[in-house]
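J.:
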Amino acid sequence: MKINRIILCGMLIIASACAKEKTTNTNFQTREYIEAWVSQNYPNAVKTQHGAYILEETDGNGMFYTGEKYAYVTYTLSNMNGKITETTDEKIAQQIGSYNKGDFYGPKVWYIAKDNQTVGMQDMLKGLRVGSKRKILLPGWLNTQTEYTDIDQYLEDTESTTDIAIYEITLESLVNNITLKQI
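At position 105 of the sequence shown (counting the first as 1) the number is 98 in our numbering, and the numbers step up by one without a gap.
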């Protein structure tokens, strides 16, 4: 009987040593937070195939983005609390106190060739026409070039991140030959 107790205790010790504590991936918690925030603040938002949220959109009347290599974009970047962290708008930069006389304000060139695009950039530009304006929420796990078919794969395979960016962009123009455009 004493030997059975010893064996049983040994088995319990081994079993408890092998048990793993289940941890919750921060990305899944962040996704729940984003979904609650979007439903509260932008109930008509459209979720993209990768899990970004188009919060607002105004259509332009120029050519559609179809995979060109370069885009001229004006944008303002903020967090979910509305704090602006970056902008290409001179007036906004002056208002938030980040204006620098030596900086260029206006459209920035984004190299958006397929081999250089993150999944978040794809969602940001997909379906836009020149002149379109879009406000889009991009979770940090979409800052990858790896494309998955299931949204949960981004959350599982990407390092946990609570980075959330809200871009307000205007697509100013699209070009394939940047040299010719700059001339």
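Cβ atoms here follow ideal geometry from the backbone N, Cα and C, with glycine treated the same way.
Straight-line CA distance for S166 to H43?
T.: Whole-angstrom Cα-Cα distance: 25 Å.
J.: Check each candidate in N170, Y68, N93, Q110 and name the one with the smallest Cα separation from G124.
T.: With distances taken between Cα atoms, G124 lies closest to Y68.
J.: I'd like the ranges of any beta strand (DSSP E) spanning at least 3 consecutive residues and lying wholly in the region 53 to 124.
T.: Whole beta strand (DSSP E) segments, 3+ residues: 63 to 71, 77 to 80, 101 to 104.
J.: In this structure, does DSSP put T19 in helix, strand or coil?
T.: T19: helix per DSSP, three-state reduction.
J.: Given Y92, which residues of its chain have a CB within under 6 Å of its CB, disregarding the five upstream and five downstream residues?
T.: Once the five neighbours on either side are set aside, the close Cβ partners of Y92 are A86.
J.: Would DSSP call E149 helix, strand or coil?
T.: E149: helix per DSSP, three-state reduction.
J.: Just tell me which of K128, Q33, A106 has its CA closest to the CA of N170.
T.: That would be A106, whose Cα lies nearest to the Cα of N170.
J.: From this set, L135, Y141, V102, which residue's C-alpha is nearest A158's C-alpha?
T.: Cα-wise, what sits closest to A158 is L135.
J.: Compute the Euclidean distance between the alpha carbons of E49 and M56, then round it to the nearest angstrom.
T.: Each residue's Cα considered, the two are about 20 Å apart.
J.: How long is the line joining the alpha carbons of Y141 and G90, rounded to whole angstroms?
T.: About 40 Å.
J.: Alpha carbon to alpha carbon, what distance is there between R24 and Y147?
T.: About 11 Å.
J.: Just to confirm the assignment, what range does the beta strand (DSSP E) spanning L173 have?
T.: No beta strand (DSSP E) contains L173, which is instead part of the alpha helix (DSSP H) from 171 to 175.
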